[in-house]
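In order, the protein sequences belong to chains Y and W. Number 63 in numbering that gives the first Met the number 0 belongs to position 64 of the first sequence; there are no gaps in the numbering. Number 161 in numbering that gives the first Met the number 0 belongs to position 162 of the second sequence; there are no gaps in the numbering. The beta carbon of each residue, even a glycine, is placed where N, CA and C say it ideally should be.
Protein chains: 2
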Amino acid sequence: MNITIVGLGNIGGSFAMSLKENAAEHDVYAIDVDSNALRNAEQDGIIIKGYTEPEEILPKTDLIIFAVYPLIMKSLVEKYGPYLKDDAVLTDVTGVKRSIIGQIEPILPEHADFIFGHPMAGRENRGLKYASGEVFKGANYLFTLTDRNKESNVRMLSSLVERMGFKNISAVSPEFHDDVIGFTSQLTHVIALSLINSDDVERRTKQYTGDSYRDLTRITNINENLWPELFIMNKDYLLDHIDRFKSQMDLLKDAIEAEDIDTMQEMMVEARRRYHDLHDLELPESNE
Amino acid sequence: MNITIVGLGNIGGSFAMSLKENAAEHDVYAIDVDSNALRNAEQDGIIIKGYTEPEEILPKTDLIIFAVYPLIMKSLVEKYGPYLKDDAVLTDVTGVKRSIIGQIEPILPEHADFIFGHPMAGRENRGLKYASGEVFKGANYLFTLTDRNKESNVRMLSSLVERMGFKNISAVSPEFHDDVIGFTSQLTHVIALSLINSDDVERRTKQYTGDSYRDLTRITNINENLWPELFIMNKDYLLDHIDRFKSQMDLLKDAIEAEDIDTMQEMMVEARRRYHDLHDLELPESNE
Numbered sequence: 000m001n002i003t004i005v006g007l008g009n010i011g012g013s014f015a016m017s018l019k020e021n022a023a024e025h026d027v028y029a030i031d032v033d034s035n036a037l038r039n040a041e042q043d044g045i046i047i048k049g050y051t052e053p054e055e056i057l058p059k060t061d062l063i064i065f066a067v068y069p070l071i072m073k074s075l076v077e078k079y080g081p082y083l084k085d086d087a088v089l090t091d092v093t094g095v096k097r098s099i100i101g102q103i104e105p106i107l108p109e110h111a112d113f114i115f116g117h118p119m120a121g122r123e124n125r126g127l128k129y130a131s132g133e134v135f136k137g138a139n140y141l142f143t144l145t146d147r148n149k150e151s152n153v154r155m156l157s158s159l160v161e162r163m164g165f166k167n168i169s170a171v172s173p174e175f176h177d178d179v180i181g182f183t184s185q186l187t188h189v190i191a192l193s194l195i196n197s198d199d200v201e202r203r204t205k206q207y208t209g210d211s212y213r214d215l216t217r218i219t220n221i222n223e224n225l226w227p228e229l230f231i232m233n234k235d236y237l238l239d240h241i242d243r244f245k246s247q248m249d250l251l252k253d254a255i256e257a258e259d260i261d262t263m264q265e266m267m268v269e270a271r272r273r274y275h276d277l278h279d280l281e282l283p284e285s286n287e
Numbered sequence: 000m001n002i003t004i005v006g007l008g009n010i011g012g013s014f015a016m017s018l019k020e021n022a023a024e025h026d027v028y029a030i031d032v033d034s035n036a037l038r039n040a041e042q043d044g045i046i047i048k049g050y051t052e053p054e055e056i057l058p059k060t061d062l063i064i065f066a067v068y069p070l071i072m073k074s075l076v077e078k079y080g081p082y083l084k085d086d087a088v089l090t091d092v093t094g095v096k097r098s099i100i101g102q103i104e105p106i107l108p109e110h111a112d113f114i115f116g117h118p119m120a121g122r123e124n125r126g127l128k129y130a131s132g133e134v135f136k137g138a139n140y141l142f143t144l145t146d147r148n149k150e151s152n153v154r155m156l157s158s159l160v161e162r163m164g165f166k167n168i169s170a171v172s173p174e175f176h177d178d179v180i181g182f183t184s185q186l187t188h189v190i191a192l193s194l195i196n197s198d199d200v201e202r203r204t205k206q207y208t209g210d211s212y213r214d215l216t217r218i219t220n221i222n223e224n225l226w227p228e229l230f231i232m233n234k235d236y237l238l239d240h241i242d243r244f245k246s247q248m249d250l251l252k253d254a255i256e257a258e259d260i261d262t263m264q265e266m267m268v269e270a271r272r273r274y275h276d277l278h279d280l281e282l283p284e285s286n287e
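Written out as structure tokens, the structure reads:
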């Protein structure tokens, strides 16, 4: 089939590379405002041809993958509507879902099937030059299905991303998605930002860090044009997770203040249990 | 020289392995209550001989490395005092310094030179079987010198750990050490524990995590027999860092609540600047 990637940045470029490597029978095109990025991608052979406008390629496109900022999704879908092929399948990569689905569903042509998705893969650096199909290997993928999605299209898309190396491909409700992403992704970014910004820069901390500080601040190389938007679109769940986290931290803080070793040990034992569950490890029987 | 490692767990074992690999001209011995661990280490050739008591080996030992829980340091130094060689050098690996130095200095024999140190290397798993000299490569090392330390001994020890692969070997005051470690190590562990324990286990979060959640919770596989002690010994600095972190998080939380994009962007730009500084990276000129 013909696949058109809209937005050839880090994620869009990674899709193109991964498709070329893992599903080479498909013809991959791209639409982007940046004609240099398109030319580079053509020269690298990761797309067949790039376009700055949709008119020519969209009527031939079976699957459109939107890899763009959430704020411009709605206007793009409105603009692209007239050019969509009958039975075209559309998908996205947006990190929050309720808001996007609420914006897009009402303006979607009757015959188009938009299957909203979220590839949970790293994207520390921006732009096509940091794109790589490798980041998808072993990453999780969440689809948030709507009543309008056709089962055969969902199966097609699931099987495509599975071939690209994703595992744990799940379909969940938009509400559940935003709740769990508010916790695993947005809260962690709020924490990392708060940690690095609470450093006393006079101290020249760099010389005195261990792995833990580098681990907890790795995700602070963040795109400030994207994340405030994501935080705001999910603010109810995110604020709730921040409060739950702060409550847990206050319990531990109180235990430290009171020198309450038993409570601290209980929290650490529980944390280790959860750590082992998260990594599918068996808990050692004895302790030490 | 003869080096005796006291406590052949993960850190002590890693010292033995690294010494064998990088400073093989020294003869390495060990003291541990666990005679099985000693036999294993002898068979693996990472120590020459292991002892469960100090009488025989200490009088021949030039450098003693204590790799034991901080709570038992004082009683060990008291017990070992009579057996120390004249001009023996002692060092430790304890993660907090003011309290340990305060306990040890008054009971130290006149002729012994205790150079307190802190190798800032990962130790996710406990016990000799997870020991490895590799964890020291590129890690930071902090010495907290006292008035009693002889410069020639400090030079000897610094050069030894440098050969073991440590970099950024610094000498700082015990107060500065505890302040900065309270931030880079203890606060990060408090955060990671609070994060993983604030997860709703009913949600089966595991299927929905990206790298960020795994990064921020990696250090939760924590030794509950060690860390409460470390937190309590450094509670003044640690509580202060927790408060500073919470203030930063509240600023970001308020900005999310108010949908204040400008403030969020400023925080993210500042965080990225700090990230690039931490990793010695150049900030990209344009943004995107």
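Contacts with chain W (Cβ-Cβ distance below 9 angstroms) from the region 235-250 of chain Y involve Leu237, Leu238, His240, Ile241, Asp242, Arg243, Phe244, Lys245, Ser246, Gln247, Met248, Asp249, Leu250, listed in chain order.
Taking 8 angstroms as the cut-off, the beta carbon of Ser17(W) is found closer than this to the beta carbon of Gly132(W).
By the neighbour-count criterion, in which a residue is buried when 16 or more other Cβ atoms sit within 10 angstroms of its Cβ, Gly49(W) is buried. Each residue's CA atom was taken as its position, placing Pro81(W) and Thr208(W) some 55 angstroms apart. Considered as a whole, the region 11-99 of chain Y harbours 34-42, 69-79 as its complete alpha helix (DSSP H) runs of no fewer than 4 residues, in chain order. Close to Glu133(Y), with beta-carbon spacing below 7 angstroms, lies no residue of chain W; the smallest spacing is near 13 angstroms. Cβ atoms of Ala66(W) and Val5(W) come within 8 angstroms of each other, at about 7 angstroms. In terms of beta-carbon proximity, Ile30(Y) stays away from the interface with chain W, with every pair separated by 8 angstroms or more. Distance check between Pro118(Y) and each of Asp31(Y), Lys78(Y), Tyr129(Y), Gly164(Y) places Gly164(Y) closest, using alpha-carbon atoms only. Counting C-beta pairs with one atom in each stretch, the region 177-192 of chain Y and the region 241-248 of chain Y have three or more that are closer than 8 angstroms, which means they touch.
The residues Thr51, in chain order, have a CB closer than 8 angstroms to that of Val32(W) in the same chain once the five nearest residues on each side in sequence are set aside.
With respect to chain W, the C-beta atom of Thr90(Y) has no partner C-beta closer than 8 angstroms.
As the crow flies, the alpha-carbon of Leu215(Y) is around 27 angstroms from that of Gly12(W). Taking each of Ser211(Y), Asp210(Y), Asp178(Y), Ile195(Y) in turn and checking the Cα distance to Asp199(W), the smallest one comes out for Asp178(Y). According to the DSSP secondary-structure assignment, Leu141(W) is paired through a beta bridge with His117(W), Ser169(W).
DSSP, reduced to helix, strand and coil, places Asn1(Y) within a strand of the structure shown. Around the CB of Gly94(Y), 16 or more other CB atoms lie within 10 Å, so the residue is classed as buried. The beta-carbon distance between Thr204(W) and Thr262(Y), rounded to whole angstroms, is 24 angstroms. This is too long to meet the 8 angstroms contact definition. Within chain Y, Gly209, Asp210 have C-beta atoms less than 9 angstroms from the C-beta of Ala120(W), given in sequence order. The Cβ neighbour count for Ser98(W), taken over all protein chains shown within 10 Å, is at least 16; the residue is labelled buried. With respect to Phe113(W), Leu89(W) sits close: the two C-beta atoms are nearer than 8 angstroms.
Fewer than three pairs of CB atoms, one per stretch, sit closer than 8 angstroms, so the region 24-38 of chain W makes no contact with the region 160-174 of chain W.
From the listed residues Asn21(W), Leu37(W), Asn1(W), Ala22(W), the smallest Cα separation to Asn9(W) is found for Leu37(W). A check of alpha carbon separations from Val92(W) across Ile71(W), Tyr79(W), Glu41(W) identifies Ile71(W) as the nearest. Within chain Y, the C-beta atoms nearer than 8 angstroms to that of Ala191(W) come from Ser211, Leu215, Ala270, in chain order. For Tyr274(Y), a Cβ of chain W is located within less than 8 angstroms of the residue's own Cβ. Between the region 223-240 of chain W and the region 259-273 of chain Y there are three or more inter-stretch CB-CB distances shorter than 8 angstroms, so the stretches are counted as touching.
For His110(Y), not one C-beta of chain W is nearer than 8 angstroms to its own C-beta. Counted as a single uninterrupted DSSP element, the alpha helix (DSSP H) harbouring Met155(Y) occupies residues 150-162. Taking 8 angstroms as the threshold, the shortest C-beta distance from Met72(Y) to chain W does not fall below it. Under the three-state reduction of DSSP output, Asp112(W) falls in the strand class.
Look at His275(W) here: in three-state DSSP terms it is helix. Counted as a single uninterrupted DSSP element, the stretch harbouring Val134(W) is not any alpha helix (DSSP H), since DSSP gives it neither H nor E. Counting the other CB atoms within 10 Å of its CB gives Asp210(W) a total of 16 or more, which places it among the buried residues. The Cβ-Cβ distance between Thr3(W) and Leu57(W) falls below 8 angstroms.
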